[in-house]
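*Asks:* First residue of the sequence shown: 1, per this note's numbering; consecutive thereafter.
Ideal Cβ placement from N, Cα and C applies to all residues, glycine included.
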Amino acid sequence: MKKEIEQFLDFLKFEKNASPHTIAGYRRDLNQLAAYLKEKGHTWRTAETLTLRGFLAELHERRLKKSSIIRKLAAMRSFFEFGLRKKWRDDNPASALATPRQEQKIPGFLTEEETAQLLEWSVNREDPLEVRDRAILELLYASGLRVSELTGLDLEDLHLRERLVRVKGKGKKERIVPFGRQAEKWLREYLACRSRLGLKSTPSPALFLNYRGQRLTARSVQRLVQDRLKQIAVFRKISPHSLRHSFASHLLSRGADLRAIQELLGHRSLATTQKYTHLDLGRLLEIYRKSHPRS
């Protein structure tokens, strides 16, 4: 059953542009399901809805978090849908399974004052890593990018003169996102010293590099945010993704249109709305510059 799992994960990676985090999670979920099916004498081709319901029941008995069960169910549905495309199934046994109701949690975000403290510190301009870190935090908050989107940026995606960045989002969907003057300032300073990172003989196309000159990882960005939060004495649960929520919250509190924020964030759920209330780039730039506190 491992062969089918790997084919599906390749499909997610190369056709759906899924993040490494998503792929790793789906691999764990499907390997766990494969072990359960093997124990019950089933394969991917013989598994029925009742069998999958038994798997979910075991997860409930183990008091697994609802969010984890929902993710495993999503993995099953997508995997068996893939099986339909590949013709080793003629139905999707997971499609009839009801999704547990998820508890609604208010995402963590920073106040404008806390955000200012997070971003503003005395940067040692002789240290390219410190300049890079300031540029990363400024761009995260200025644009609302996902961390995976930020670490996936290449030099060619950045348009400093126009203060725009081309983002490759989920499902290979591209969008253009503006950023403000503060982010532009620190990006220019970072680009001026970027060549001091790593080996000059093996240049990377990545915008943000580690000290070895390789593309920065999401884990490194996570550490950066956590280190800065400790320095400003914010100890509640805040992550790099919280800067994305802060971006949206601060724009909304200053009067930005919710649909504009959704488009700036690249939310997949906007697809239907866009058919009727599509906002062009000029309008997005106008809303952004009027509303964002660091534009």
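Ignoring anything shorter than 3 residues or poking outside the segment 209-235, list the beta strand (DSSP E) runs there in chain order.
*Replies:* Here no run is fully enclosed.
*Asks:* Quick check on Leu270: does DSSP put it in helix, strand or coil?
*Replies:* At Leu270, the pLDDT of 44 sits below 50, so the modelled position is not reliable; the number obtained from the coordinates is stated separately. Three-state result, Leu270: helix.
*Asks:* According to DSSP, is Lys275 helix, strand or coil?
*Replies:* Since pLDDT at Lys275 reaches only 35, below the 50 mark, its modelled position is unreliable, and the value read off the structure follows with that caveat. Lys275: helix per DSSP, three-state reduction.
*Asks:* Taking the straight line between their C-alpha atoms, what separation do you get for Phe11 and Phe82?
*Replies:* Cα-Cα distance, rounded: 9 Å.
*Asks:* Hey, out of His21, Ser143 and Ser195, whose CA is closest to His292's CA?
*Replies:* For His292, the nearest C-alpha among the options comes from Ser143.
*Asks:* Helix, strand or coil for Lys168, going by three-state DSSP, please let me know.
*Replies:* Strand at Lys168.
*Asks:* In the DSSP assignment, find the beta strand (DSSP E) that holds Arg175 and state where it starts and stops.
*Replies:* It spans Glu174 to Pro178 - the beta strand (DSSP E) in which Arg175 sits, taken as one unbroken run.
*Asks:* Do Glu114 and Ala183 come within 8 Å of each other at the CB atom, strictly closer than that value?
*Replies:* No, these two residues do not count as a Cβ contact at 8 Å.
*Asks:* Exposed or buried, which one is Lys72 when buried takes at least 16 other CB atoms within 10 Å?
*Replies:* Label assigned to Lys72: buried.
*Asks:* Excluding sequence positions up to five away, which residues of its chain have a Cβ less than 6 Å from the Cβ of Leu243?
*Replies:* Excluding positions up to five away in sequence, the list reads Leu140 and Tyr141.
*Asks:* So, are the CB atoms of Met76 and Leu129 less than 8 Å apart?
*Replies:* Not in contact: Met76 and Leu129 (Cβ atoms no closer than 8 Å).
*Asks:* Taking His21 as the reference, give the member of Leu229, Ser148 and Gln7 with the closest Cα.
*Replies:* Among Leu229, Ser148 and Gln7, the Cα nearest to that of His21 belongs to Ser148.
*Asks:* Alpha carbon to alpha carbon, how far is Ile287 from Asp257?
*Replies:* Ile287 and Asp257: Cα-Cα distance of roughly 8 Å.
*Asks:* Check the C-beta distance from Gly180 over to Arg163 and give it rounded, since I have them as a contact under 8 Å.
*Replies:* Correct: roughly 7 Å between the Cβ atoms.
*Asks:* Could you compute how far the alpha carbon of His267 sits from the alpha carbon of Pro178?
*Replies:* Roughly 16 Å separates the two Cα atoms.
*Asks:* Mind checking which residues open and close the alpha helix (DSSP H) that includes Thr115?
*Replies:* Per DSSP, Thr115 belongs to the alpha helix (DSSP H) from Glu112 to Leu119.
*Asks:* What is the rounded straight-line gap between the Cα of Asn17 and the Cα of Thr151?
*Replies:* Distance between the alpha carbons of Asn17 and Thr151: 14 Å.
*Asks:* The alpha helix (DSSP H) that contains Thr51, what's its start and end?
*Replies:* Counting along the chain, the alpha helix (DSSP H) containing Thr51 begins and ends at Thr49 to Glu61.
*Asks:* Taking only the alpha-carbon atoms, compute the straight-line gap between Glu6 and Tyr26 and give it to the nearest angstrom.
*Replies:* Between Glu6 and Tyr26, the C-alpha separation is close to 10 Å.
*Asks:* May I ask you to report which of helix, strand or coil DSSP gives His159?
*Replies:* Correct three-state label for His159: strand.
*Asks:* Apart from the five residues on each side of it in sequence, which residues of its chain come closer than 8 Å, Cβ to Cβ, to His60?
*Replies:* Result list for His60: Ile69, in chain order.
*Asks:* Using the C-alpha atoms, what's the distance from Ala47 back to Ile261?
*Replies:* Whole-angstrom Cα-Cα distance: 42 Å.
*Asks:* Could you check where the alpha helix (DSSP H) with Asn31 kicks off and where it finishes?
*Replies:* Run containing Asn31: Pro20 to Glu39, per the alpha helix (DSSP H) assignment.
*Asks:* Go ahead and label Ala192 buried or exposed: buried means 16 or more other beta carbons lie within 10 angstroms of its beta carbon, across all protein chains shown.
*Replies:* Classification of Ala192: exposed, given that the 10 Å Cβ count is below 16.
*Asks:* Counting only the same chain and skipping the five closest in sequence on each side, list residues whose C-beta sits under 7 Å from that of Phe109.
*Replies:* Contacts found: Ser242, His245, Ser246 and Ser249.
*Asks:* DSSP on Asp154, reduced to helix/strand/coil?
*Replies:* Correct three-state label for Asp154: strand.
*Asks:* Can you tell me which of the three DSSP states Phe14 falls into?
*Replies:* In the structure shown, Phe14 sits in a helix (DSSP, three-state: H, G or I).
*Asks:* With 16 other CB atoms within 10 Å as the buried threshold, where does Gly41 fall?
*Replies:* With fewer than 16 Cβ atoms within 10 Å of its Cβ, Gly41 is classed as exposed.
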